[in-house]
Each structure stands twice: as structure tokens, then as C-alpha cells.
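Step one of this worksheet: look at the structure below.
There are 2 protein chains.
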Amino acid sequence: MSEKRTDIKDLGEFGLIDTLTKNFTTHVSTTLKGVGDDAAVISISETEAMLISTDMLVEGIHFNLMYTPLMHLGYKSVVVNLSDIYAMNGKPSQITVSFAVSSRFPLEALEELYAGIKKACDFYQVDLVGGDTTSSLSGLVISITALGTANKKDIVYRGGAKEYDLVVVSGDLGGAYMGLQLLEREREVFKANPNIQPDLDGHDYLLERQLKPEARRDVISFLKELEVVPSSMIDISDGLASELFHICKASNVGCTIYDDRVPLDAKTSMAAIEFNIDPITAALNGGEDYELLFTVKQEDYEKVAANPNFTVIGHITDHASGLNLVDKHGAVVPMQAQGWNHFE
Amino acid sequence: MSEKRTDIKDLGEFGLIDTLTKNFTTHVSTTLKGVGDDAAVISISETEAMLISTDMLVEGIHFNLMYTPLMHLGYKSVVVNLSDIYAMNGKPSQITVSFAVSSRFPLEALEELYAGIKKACDFYQVDLVGGDTTSSLSGLVISITALGTANKKDIVYRGGAKEYDLVVVSGDLGGAYMGLQLLEREREVFKANPNIQPDLDGHDYLLERQLKPEARRDVISFLKELEVVPSSMIDISDGLASELFHICKASNVGCTIYDDRVPLDAKTSMAAIEFNIDPITAALNGGEDYELLFTVKQEDYEKVAANPNFTVIGHITDHASGLNLVDKHGAVVPMQAQGWNHFE
Chain A
24 MSEKRTDIKD
34 LGEFGLIDTL
44 TKNFTTHVST
54 TLKGVGDDAA
64 VISISETEAM
74 LISTDMLVEG
84 IHFNLMYTPL
94 MHLGYKSVVV
104 NLSDIYAMNG
114 KPSQITVSFA
124 VSSRFPLEAL
134 EELYAGIKKA
144 CDFYQVDLVG
154 GDTTSSLSGL
164 VISITALGTA
174 NKKDIVYRGG
184 AKEYDLVVVS
194 GDLGGAYMGL
204 QLLEREREVF
214 KANPNIQPDL
224 DGHDYLLERQ
234 LKPEARRDVI
244 SFLKELEVVP
254 SSMIDISDGL
264 ASELFHICKA
274 SNVGCTIYDD
284 RVPLDAKTSM
294 AAIEFNIDPI
304 TAALNGGEDY
314 ELLFTVKQED
324 YEKVAANPNF
334 TVIGHITDHA
344 SGLNLVDKHG
354 AVVPMQAQGW
364 NHFE
Chain B
24 MSEKRTDIKD
34 LGEFGLIDTL
44 TKNFTTHVST
54 TLKGVGDDAA
64 VISISETEAM
74 LISTDMLVEG
84 IHFNLMYTPL
94 MHLGYKSVVV
104 NLSDIYAMNG
114 KPSQITVSFA
124 VSSRFPLEAL
134 EELYAGIKKA
144 CDFYQVDLVG
154 GDTTSSLSGL
164 VISITALGTA
174 NKKDIVYRGG
184 AKEYDLVVVS
194 GDLGGAYMGL
204 QLLEREREVF
214 KANPNIQPDL
224 DGHDYLLERQ
234 LKPEARRDVI
244 SFLKELEVVP
254 SSMIDISDGL
264 ASELFHICKA
274 SNVGCTIYDD
284 RVPLDAKTSM
294 AAIEFNIDPI
304 TAALNGGEDY
314 ELLFTVKQED
324 YEKVAANPNF
334 TVIGHITDHA
344 SGLNLVDKHG
354 AVVPMQAQGW
364 NHFE
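If you're matching them up, the sequences are chains A and B in order.
Going by my numbering, the letters in the first sequence line up with residues 24 to 367, in that order.
Going by my numbering, the letters in the second sequence line up with residues 24 to 367, in that order.
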């Protein structure tokens with residue numbers, strides 16, 4: 024090992040992946056897409072491809088077992104992977120689940136975790152086909168890999184957005200982030216005084232967005248019914264701004280987003296105001312909504328606008344214009360992609 | 024969660040997997056084999072299948088960074104997964120690599136790790152197609168998933184061994200375990216007196232078996248050339264005895280193994296004697312040899328026996344006879360499968 028020590032915090036997650044994988048070459052002709060999208064794409068026949076995506080969830084980083092029920096954790100661990108397959112316009116089919124766990128976890132706790140995994144497998148009709156199980160010296164680590172299939176002609180990559188395309192999101196944003204703020208606040212209250220009952224009444228929607236998100240399988244069906252193939256797509260795991268940066272970078276374009284069009288549930292806005300957070304910030308920089316962000320041609324506007332699950336929030340511009348946010352007074356501000364840097 | 028607390032140590036790794044996955048059902052017609060073999064098997068066409076296998080390696084459990092160079096760790100992490108694909112008589116094609124790492128690791132350390140991963144990808148001609156990167160509150164955790172392909176008619180499962188079949192192993196056994204003993208001894212010496220130089224001279228073979236094992240890709244080629252399709256196969260990751268138990272359980276058979284036929288390198292035997300370990304114990308219960316254990320029909324004896332990479336070590340019996348070891352005096356002792364219980 025050389026004497027030089029570069030702090031990985033300075034690179035961020037995506038800079039780190041780019042640096043570590045830049046020298047890898049392709050050996051196998053079936054590899055159609057490797058690192059750099061929601062899932063890798065592997066040719067399995069002239070017309071069909073297999074999709075593969077993987078996520079690792081670490082206790083203390085991605086989840087806090089103090090307020091995360093293990094059944095929900097199991098469910099969510101599967102969902103976040105399936106979301107990546109849907110983001111390629113594919114259909115998930117199988118998963119593998121590996122975990123490392125310290126012996127402080129009794130069998131019954133792991134059975135709760137697996138009950139959640141099974142619930143997700145049953146709901147999304149995917150099969151658990153393998154995994155690995157080992158001990159850990161500290162907390163729980165879960166690694167899930169999802170496989171899926173797609174017709175090659177239907178696969179949507181991050182890199183296909185073109186100037187003048189419309190930018191669309193499904194559902195509403197920022198709810199999972201506000202749910203997390205609520206849970207963290209109650210954790211602090213509980214730490215200060217364990218006798219105080221948690222005050223989470225009326226926050227079911229935001230808590231469910233955080234603790235038991237769903238992957239937008241229905242969006243893939245809607246797109247098929249509408250006969251719309253997006254020009255680019257990504258799932259919103261790290262916040263809208265970060266995902267827009269990924270699409271614009273991969274597509275070599277810019278975008279203009281109108282902040283009053285970004286869909287926010289009223290409960291998200293109310294909670295944001297209570298926490299003294301600008302609601303749009305929760306949508307732009309909060310993570311874990313697992314909605315889909317995609318771009319379509321202008322000619323698909325009518326089809327997309329007619330579906331209440333979709334909101335057109337802006338359009339794609341040329342690369343030189345950069346990523347811009349237009350506020351309700353028409354002021355244009357360059358967008359900041361904060362996303363989640365797990366190494367900070 | 025129920026009040027009951029069952030200690031996972033009491034179940035062992037395989038009992039735990041069985042318990043956690045027993046309620047899962049199959050939803051997808053392409054799932055030909057799920058949990059319970061070296062790799063899962065997924066149909067991708069009438070004649071072809073995809074194989075998927077995954078392993079998780081945890082610092083302090085599977086490796087000690089005090090004596091494991093990161094480049095070797097990266098190489099080995101890939102190899103152990105490819106070994107599972109070969110154990111199905113398949114050809115590996117792609118991998119994903121996820122890791123959790125604490126910020127005490129500089130970029131340069133991760134570059135060493137990835138240099139090893141790349142070396143394995145280049146040597147085995149597989150593509151790195153994805154992964155995930157996150158921080159960890161303690162040590163390094165690596166999760167690798169390997170994909171491969173095989174003609175359905177060539178796939179070899181654990182469950183196909185039949186009475187009178189011959190039991191065959193590739194290479195020699197116990198070397199990786201003795202390599203580990205040498206490294207652990209030097210670590211103890213170093214802890215006691217950091218000024219003492221490590222005494223590892225002349226132990227290159229055993230150290231390489233432990234630190235930089237290879238997967239037996241060549242065995243798959245030999246079998247193809249010989250036109251032998253084994254009736255069952257597994258890779259030796261947890262020790263010969265444990266793997267024999269897997270094959271016998273999956274195939275509902277027993278076996279008789281002759282201990283003087285178990286292939287041991289002279290260096291393994293010498294080191295074992297130095298450590299006061301019965302060499303056969305190193306082969307039976309030591310792990311990480313990554314050789315292949317398989318069974319063939321009696322009629323294939325000539326073909327197999329003629330290849331110096333293969334050793335016939337016994338034969339398959341009926342289930343009622345159990346698993347037995349015959350020593351050089353003809354005494355028969357029932358085999359104990361210790362394997363590795365990571366939860367102990």
C-alpha cells in the first residue's frame with residue numbers, strides 16, 4: 024500500500040465508485056450495461072435481458088433498530104432493491120438475501136426480519152433463491168440482490184434524456200424524510216425521558232413512507248398501458264436533486280424544474296413547517312421516497328398528464344444551461360445535489 | 024416480537040437458514056432451484072439457465088486485516104463466489120461487489136482491494152457489473168454475488184448422488200487450514216513481541232492456499248473433455264466432512280470414505296504434525312480449500328482415475344449406513360461434520 028492516504032469522505036459515494044471501477048474492462052459479450060445505472064443489464068436471448076441490482080443496509084447508517092420494527096426492515100430491504108429493477112422498466116423475479124448478525128439477535132428477531140422479507144416476496148411475486156448468513160462483531164448488515172427481466176427494447180437507462188423532454192415524477196416526495204425526522208425527534212425525547220409516550224399520532228402517512236415504503240410497480244404497468252417508454256428513468260432513493268444530477272450527467276443534458284410543481288403531500292408540508300424545514304428542501308434533498316423520476320417526449324404530455332399518479336415538474340435543457348430550479352416568483356437558482364453521502 | 028429467545032448459536036448456520044426460509048413459496052416459473060445448493064438456478068431459455076450465488080465476508084470473522092493483504096482479500100472474495108458457480112458445473116460471467124467500510128480506510132486501501140477484485144475478474148474472465156458502497160460503524164464487510172450460465176442438462180446439484188457412485192475430490196485438502204494456523208501463530212508471536220520477524224519461510228504453498236486460493240475452473244474443463252457429468256457436486260469451503268454431509272443429506276444417501284485416500288500435500292501433513300494436528304483432521308474439518316467434491320458413476324472410474332487432478336476417496340452407500348470413515352487398519356468410525364459455525 025502506498026503512503027498516500029486520501030480520505031474517502033472527500034470523494035462521496037459516487038466519486039468513490041467511479042474511482043474504484045474505472046480500470047475495469049468488459050470480458051463477456053452478454054454484459055450490456057455494467058456499473059452506473061439502477062441495475063446492470065445482461066443479455067439472455069436476442070430479445071430478452073436480465074437485470075441485476077444490489078443494496079447493502081447497515082445498522083446505525085441506514086436504519087436504527089430503536090424505532091425500526093424488524094418486520095418493516097425486512098420488507099423495506101426487499102422493496103428498495105425491487106425499486107431499482109422497476110427503474111429500468113423491468114419486472115423483478117428473484118432475490119438473494121445475505122446478512123451478518125451478532126449473537127445478541129435471537130432467532131425470533133431474525134424470524135421477524137424474514138417475515139417482512141416474505142411479505143414483500145409474496146406481494147411483489149418474487150422468489151427468495153439464496154443468500155449467505157454469518158456472524159458480525161457489531162450490528163446487523165443486510166445485503167440484498169434482485170434479479171429481474173425485461174424486453175431489451177423496453178429497458179430505460181439514465182442516459183437517454185433529450186433536450187425538451189418533460190421531467191415527470193410519480194407520487195409525492197419528501198414524506199419519507201419527514202417521517203425520519205419525526206422518528207428521530209421521538210428518539211431524542213425518549214432518550215431524555217423514557218417514561219414519555221411517543222407522540223406520533225396522526226403521522227401514519229409519513230411514518231409509513233419511512234418505515235414501509237412500496238416500490239412503484241404500478242408505474243411500470245401505467246406506462247405499458249399508456250404505451251409510453253420513458254427516455255430515461257431512475258428511482259428516487261437519495262432525493263430528487265441527486266437523481267436529477269444522475270440523469271443529467273448520464274444524458275449530458277441540463278434541466279429546469281419548477282418548484283411549485285414538485286408534488287408534496289399536505290402532511291409532508293405541515294410536518295416540514297413544524298420542523299422549520301422548507302418543504303421543497305425535504306423533496307429535493309430528503310431521501311428514500313422510492314418514487315420514479317423519468318423523462319418523456321413532449322408528444323407524450325397528454326398521456327402522462329392524464330394519470331393522477333404522475334406530475335410533470337419541468338423539462339430537459341441543453342447541458343450548458345445546467346440544472347436549475349425556478350421558484351414561484353420566476354427566480355432561477357442553480358440546483359445543489361446534496362443527496363446522501365454515507366461517508367460524512 | 025415474542026418473548027421467547029432462541030440462541031442462534033444453537034442452530035448453526037445451516038439450521039438457521041432452514042428455519043428462516045422454510046415458509047417461503049415459489050411464485051415465478053423460471054426459478055428452477057432456490058435456496059439449498061451452491062447456486063440458485065434460473066431458467067433463461069429452453070436449454071439455458073442462469074446461476075446465482077452470493078457470499079458475505081466480515082472482518083474479524085472471515086479475515087483478519089493484520090495478515091491479509093487487501094489485494095489478496097479482494098481476489099479471494101471473488102474466487103469463493105466463482106467456486107460456487109463451478110460447483111454447479113457452470114461458467115461464471117458477472118459479479119456485483121458491495122462493501123461497507125469505516126472511514127479509517129483511506130481510498131488507497133480500497134484501491135488495493137479493487138486491484139485484487141480486478142485481477143480475479145481478468146483471470147476468470149468475468150465482468151464487474153454493479154454493487155453498493157456504504158459506510159460501516161466498525162470493520163469491513165464485503166458482499167459479492169456471482170452470476171453464471173450453464174446448459175440445463177449439464178447442471179450438477181448436490182442431490183444427485185446414488186448408491187455405489189464414486190466419491191472424488193480435486194487437488195489436495197487441508198492446506199488452507201494449515202496456512203491459517205501458521206498466520207495465527209505468527210500473529211500471536213507478533214502480539215507478544217512486535218520486533219520478532221515473522222517465521223513464514225518455506226510455507227509459501229500453505230500461505231497461498233489460505234490467502235490466494237483459486238477456483239477450480241480447470242476441473243469443469245476436464246470433466247467436459249472426459250465427457251463425465253458428475254451425479255452430484257459441491258465446493259469445499261467448510262471442510263470435506265461438512266460438504267459430504269451436504270451431499271449425503273441432499274441425495275438421501277450415506278458414504279464410506281477411506282482416510283488414507285484423502286489427498287494431502289506433504290507440506291500440509293508436515294505442518295499439521297508440527298501443530299500437533301492429525302493431518303486428516305485438517306482435511307476433514309479445516310475449511311477454505313475451494314476444491315471440488317463430486318460423485319460419478321462407477322463406469323466413469325477409468326476416466327476419472329487417469330486424471331492426476333482427481334482422487335477417488337470412497338463411495339456412496341445407502342442412507343441407513345450413514346457417513347463413515349475407514350482408517351488404514353480397516354476400522355470404521357462414523358464421521359463428524361464440524362464445519363464452521365460462524366455463530367460459535
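The beta carbon of each residue, even a glycine, is placed where N, CA and C say it ideally should be.
Asked                                                                                                                        : Found
Assigned secondary structure, A:Y1 (DSSP; H/G/I helix, E/B strand, else coil)                                                : No information on residue 1 of chain A is available, as it lies outside the stretch 24 to 367 that chain A covers here.
Partner residues on chain B for A:M6, Cβ-Cβ distance less than 7 Å                                                           : There is simply no residue 6 of chain A to check, as chain A begins at 24 and stops at 367 in what is shown.
8 Å contact criterion, which A:A238 and A:L346 should meet: CB distance rounded                                              : With 8 Å as the limit, A:A238 and A:L346 do not qualify as a contact, their Cβ atoms being about 26 Å apart.
Backbone CA spacing between A:G198 and A:L229 [nearest angstrom]                                                             : 5 Å
Contact with chain B by A:S344, beta-carbon distance below 8 Å                                                               : no
Neighbourhood of A:S344 by C-beta distance below 6 Å, restricted to the same chain and skipping five residues each side      : G277
Beta carbon of A:L315 nearer than 8 Å to that of A:V242                                                                      : yes
Proximity test, Cβ basis, 8 Å: A:I65 and chain B                                                                             : yes
For B:G362, the three-state DSSP class (helix, strand or coil)                                                               : Residue confidence is low: B:G362 scores 49 on pLDDT, short of 50, so the model does not pin down where it sits. Its coordinate-derived value is still stated next. B:G362 falls in the coil class under three-state DSSP.
Boundaries (first-last residue) of the beta strand (DSSP E) holding B:V120                                                   : 114-124
Chain B residues whose Cβ lies nearer than 7 Å to that of A:R28                                                              : P129, E131
Reference A:V179; option with closest CA among A:I339, A:E322, A:F317                                                        : A:F317
Whether A:A295 touches A:D301 by CB criterion (8 Å)                                                                          : yes
Under 8 Å between C-beta atoms of A:S100 and A:V124                                                                          : no
Straight-line Cα distance separating B:T91 from A:E186                                                                       : 51 Å
Chain A residues whose Cβ lies nearer than 8 Å to that of B:V192                                                             : Correct list: empty, because the minimum Cβ distance to chain A is about 23 Å.
Beta strand (DSSP E) segment containing B:M73, residue limits                                                                : 71-81
Where the alpha helix (DSSP H) through B:L96 begins and ends                                                                 : 93-109
Interface residues of chain A facing B:F86 [CB-CB closer than 9 Å]                                                           : Those do not exist, as B:F86 stays about 12 Å from chain A at its closest Cβ, beyond 9 Å.
The stretch 220-250 of chain A: positions lying closer than 9 Å to chain B by Cβ                                             : none
Cβ pair A:L80, A:A62 closer than 8 Å                                                                                         : no
Nonlocal neighbours in the same chain, by C-beta distance under 6 Å from B:H85, ignoring five residues either side           : none
Proximal chain B residues relative to A:N46, where beta-carbon distance stays under 9 Å                                      : Y137, A138, K141
Residues that A:V152 contacts on chain B, provided the C-beta gap is smaller than 8 Å                                        : T54, K56, G57, V58, A63, I65, I75
Bridge-paired residues (DSSP) for B:A169                                                                                     : B:S76, B:I118
Host alpha helix (DSSP H) of B:S265 (start-end)                                                                              : 263-274
Contacts of A:E134 in chain B (Cβ-Cβ under 8 Å)                                                                              : T42, L43
Length of the line joining the Cα atoms of A:Q117 and B:P221                                                                 : 47 Å
Touching by the beta-carbon criterion (3+ pairs, under 8 Å), the stretch 41-49 of chain B and the stretch 138-150 of chain A : yes
Under the three-state DSSP convention, the category A:P129 falls into                                                        : strand
Buried versus exposed call for B:Y109 [16 or more other C-beta atoms within 10 Å across all chains shown]                    : buried
For A:S126 and A:G183, believed in contact at Cβ under 8 Å, the rounded distance                                             : That pair is no contact at about 48 Å.
Where A:T304 sits in the DSSP three-state scheme                                                                             : helix
C-alpha distance - A:I219 paired with B:D33, whole-angstrom precision                                                        : 38 Å
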